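Okay, so here's the structure we're looking at.
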Amino acid sequence: MYILGITGPLGHDAAACLMKEGRIVVMVEEERLSRIPHSPGGQMPYLAIEHCLNQEGITLDHVDYIALSWDKSLIPETKIPLPDVFDDVESLFPKSKFPHNKLPKVEVVDHHLAHAASAYYFSPFGEAGVLVADGAGEDCSTTLYHGIDGRLKKLDSIHHNESLGEFYATVTEYVGFDWNDPGKTMGLASFGEAIYDFPRIATDPVKGYSMKIDHSLHMTKVENVWKREMFRLGVIPNKGVRRYNPITYRISEHLEFDSTHRNLAASAQRKLEECYLSLARALVDRTGSRNLCLAGGVALNCVANGKLRRSGLVDDLFIQPAANDAGAAIGAAAEIAARLGFTIEKLSGNYSGPSFTNDQIRATLNHLGLKYRTADDAAELASDLLAEGRTVGWFQGRSEYGPRALGNRSMLANPSVPDIQNHMNRNVKFREGFRPFGPSVLEEEAADFFELMSPSPYMLQSVYVKPDKRSQIGGVVHVDGSSRPQTVTKETNARYHQLITRFRAKTGIPMVLNTSFNLRGEPMVNSPYDAIRTYMSGALDALIMEDILLVKDGINQ
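Add 87 to the 1-based position in the sequence shown for the working numbering, that's all there is to it.
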């Protein structure tokens, strides 16, 4: 039985996931194929759906259920305008695009329930508290669930105007970033002091937190409430200065952050963490379980996740790698599968996207007229280049889903090279200089370098680097002594584990600097063409796609 989970046409981060019984067979985000970041504007993920069907060699006639990760009937009229197309499900799947004799049965899943399902069903836990926090679902912004005996029970929810995600996104925009770049605010927070308070937000022992915001306000007006609050704190909105970038040959926005912007970011981060810990405490009290699952966009805040893990409130933590709205496609499919009695297969890696063969890669290179060679041992070659201090684009196997590159669509570097962080930010990714990088580390040696309490396979927890190791791996140490590691095992990614093992043999360092294979403001690369374009646009020294090598002039091949 096939179930097609979909995020879209409401919201952002459109995606599609194809499940066979209780197992993910394909999952891909629309932005990877369309090359439009976050797929905004209520798009249907037609490219992602098409890929899912083609990858499995089926048509829509073979699909038994379509699971939509939004329930329109629950959305208040005062909240957001809805696309007319949602009123006619048949029109979502035009026969001209998806030939079919009959439409599969369509099920709608509450958005937060879809998020919760994406975390609980794929976690290693039989029983757990489940926390969903994001910008907003249909009628709420935070929801508490109890996962037990393979089902999810809703315990409580918080009104959509009292949104932690909306609060943090407004701060993000106020300090000068795009609203959908909260990770930048999280990184900037480490450079400031949490001197501002937000008295509208208070912790609550039962629900986790509350906000003094009028529930009758249209959702678009809530942003103005927070902006007025920040202005009253004496912080002026940050505006970019347009400057010429001689590397990209483009006019770009340049942000300069004064102490008020850094302090505002730090204060918002502290308030988010306070609410997060209070939510976790409430869930433990109400469920009796010290296992916790996280999903929703707020769960991508790895600093808050790290604080939560170290707090002692929980014994174990599972964070869905696609915690953003893309992951709701997985959850919607899983929820329907669970209702039908299927056992959901636990997650062991998130490599479920498109892949390309050596022949397909060669065809692209030949079409572009580029010189290349075939490597006898790609992992050995990559480890040699990294040990020499070179930067490498690493394009292997099926792509990851979720916003973190985990060794299949990655840019890699040697974390011990002096000033490598600045070089990667300035010359390779063309992004803000304060942005930190995380490492991919052999799981069996991670505890030698990091104060880890448990494995971190999806790069979603910030931990502290042991003081005596910080100078050795300076490229992956943030200003506060923290890092965001991915622990790598042979079982989840054999070739990547082999690369890091070879690198360790040459350098004594059991990790590489790993960042997503994309330029600033672009989605992660999907195809060989995307990878080549990104490689040619920046200062990466080499590109290895499967067994095919490209190097820049002047580098010994």
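From the three backbone atoms N, C-alpha and C, an ideal C-beta is built for every residue, glycine too.
Remember, it's a predicted structure, so these values are computed and weren't measured experimentally.
Straight-line Cα distance separating residue j from residue i
{"i": "ARG261", "j": "ASN325", "result": "For clarity, residue 261 is Tyr in the given sequence; the question names Arg instead. If you take the alpha carbons of TYR261 and ASN325, they lie about 6 Å apart."}
{"i": "ARG287", "j": "ALA203", "result": "27 Å"}
{"i": "GLN548", "j": "ASN392", "result": "5 Å"}
{"i": "GLY608", "j": "PRO124", "result": "7 Å"}
{"i": "ASP617", "j": "MET611", "result": "9 Å"}
{"i": "GLN644", "j": "VAL196", "result": "Reliability of the predicted coordinates at GLN644 is poor, the pLDDT of 49 falling under 50, and the value obtained from them is presented with this limitation in mind. Roughly 53 Å separates the two Cα atoms."}
{"i": "VAL322", "j": "GLY595", "result": "47 Å"}
{"i": "VAL51", "j": "VAL599", "result": "No answer is possible for residue 51: the residues shown for the chain start at 88 and end at 644."}
{"i": "VAL258", "j": "ILE406", "result": "24 Å"}
{"i": "GLY375", "j": "LYS556", "result": "38 Å"}
{"i": "LEU499", "j": "ASN601", "result": "5 Å"}
{"i": "ARG397", "j": "ALA367", "result": "12 Å"}
{"i": "SER503", "j": "SER558", "result": "8 Å"}
{"i": "HIS348", "j": "ASP506", "result": "25 Å"}
{"i": "PHE318", "j": "LYS394", "result": "29 Å"}
{"i": "GLN356", "j": "ARG315", "result": "19 Å"}
{"i": "HIS149", "j": "VAL115", "result": "19 Å"}
{"i": "ASN141", "j": "SER346", "result": "52 Å"}
{"i": "GLY98", "j": "ASP640", "result": "44 Å"}
{"i": "SER277", "j": "ASN267", "result": "19 Å"}
{"i": "VAL564", "j": "ASP372", "result": "35 Å"}
{"i": "GLN447", "j": "ARG477", "result": "26 Å"}
{"i": "TYR152", "j": "ASP412", "result": "20 Å"}
{"i": "SER126", "j": "PRO96", "result": "10 Å"}
{"i": "CYS227", "j": "SER603", "result": "32 Å"}
{"i": "LEU379", "j": "LEU275", "result": "27 Å"}
{"i": "ARG582", "j": "TYR459", "result": "21 Å"}
{"i": "MET615", "j": "PHE482", "result": "Sequence inspection shows Pro at residue 615; the Met mentioned does not correspond to that position. Rounded to the nearest angstrom, the two C-alpha atoms are 8 Å apart."}
{"i": "GLY456", "j": "GLY625", "result": "19 Å"}
Residue i beta carbon near the ligand FAD (any heavy atom closer than 7 Å)
{"i": "ALA203", "result": "Ligands displayed in this structure: none; no statement on the ligand FAD is therefore possible."}
Residue i burial status per 10 Å Cβ neighbour count (16 or more: buried)
{"i": "THR444", "result": "exposed"}
{"i": "GLY489", "result": "buried"}
{"i": "ASP100", "result": "buried"}
{"i": "MET106", "result": "buried"}
{"i": "ASN188", "result": "exposed"}
{"i": "ALA450", "result": "exposed"}
{"i": "ALA223", "result": "buried"}
{"i": "ARG110", "result": "exposed"}
{"i": "HIS199", "result": "buried"}
{"i": "HIS305", "result": "exposed"}
{"i": "ASN311", "result": "exposed"}
{"i": "ASP158", "result": "buried"}
{"i": "MET131", "result": "buried"}
{"i": "ILE162", "result": "buried"}
{"i": "LEU627", "result": "buried"}
{"i": "ILE560", "result": "buried"}
{"i": "HIS302", "result": "exposed"}
{"i": "VAL575", "result": "buried"}
{"i": "ASN453", "result": "exposed"}
Beta-carbon spacing of residue i, residue j below 8 Å
{"i": "GLU209", "j": "LEU147", "result": "The sequence as given places Phe at residue 209; Glu does not occur at that position. For PHE209 and LEU147, no; Cβs fall outside 8 Å."}
{"i": "TYR551", "j": "GLN573", "result": "no"}
{"i": "LEU646", "j": "ASN501", "result": "Residue 646 falls outside the range modelled here, since the chain spans only 88 to 644, and no answer is possible."}
{"i": "THR94", "j": "ALA415", "result": "yes"}
{"i": "ALA386", "j": "SER205", "result": "no"}
{"i": "LEU218", "j": "LEU239", "result": "no"}
{"i": "LYS92", "j": "SER156", "result": "Rather than Lys, the amino acid found at residue 92 in this sequence is Gly. Yes, Cβ-Cβ distance for GLY92 and SER156 is below 8 Å."}
{"i": "ALA220", "j": "LEU251", "result": "yes"}
{"i": "ARG591", "j": "PRO597", "result": "yes"}
{"i": "VAL293", "j": "ALA369", "result": "yes"}
{"i": "ASP402", "j": "ARG377", "result": "yes"}
{"i": "SER486", "j": "GLY440", "result": "yes"}
{"i": "ALA352", "j": "GLY279", "result": "yes"}
{"i": "GLY436", "j": "THR621", "result": "no"}
{"i": "TYR283", "j": "ASN388", "result": "no"}
{"i": "ASN613", "j": "LEU120", "result": "yes"}
{"i": "GLU194", "j": "ALA135", "result": "no"}
{"i": "GLY234", "j": "ALA215", "result": "yes"}
{"i": "ILE423", "j": "ILE631", "result": "no"}
{"i": "SER442", "j": "GLY484", "result": "yes"}
Contact belief for residue i with residue j at Cβ below 8 Å, rounded distance in angstroms
{"i": "GLY295", "j": "SER365", "result": "5 Å"}
{"i": "GLN508", "j": "GLY562", "result": "5 Å"}
{"i": "LYS577", "j": "HIS584", "result": "5 Å"}
{"i": "THR108", "j": "PHE429", "result": "According to the sequence shown, residue 108 is Glu rather than Thr. Correct: roughly 5 Å between the Cβ atoms."}
{"i": "ALA201", "j": "GLY418", "result": "4 Å"}
{"i": "ILE300", "j": "GLU225", "result": "That pair is no contact at about 18 Å."}
Contact with chain C by residue i, beta-carbon distance below 8 Å
{"i": "TRP481", "result": "Absent from the structure: chain C. Only one protein chain is present."}
With a threshold of 8 Å, are at least 3 pairs of Cβ atoms found where one atom belongs to the stretch 454-474 and the other to the stretch 632-642?
yes
Does the stretch 514-529 come close enough to the stretch 263-281 that 3 or more CB-CB pairs lie under 8 Å?
yes
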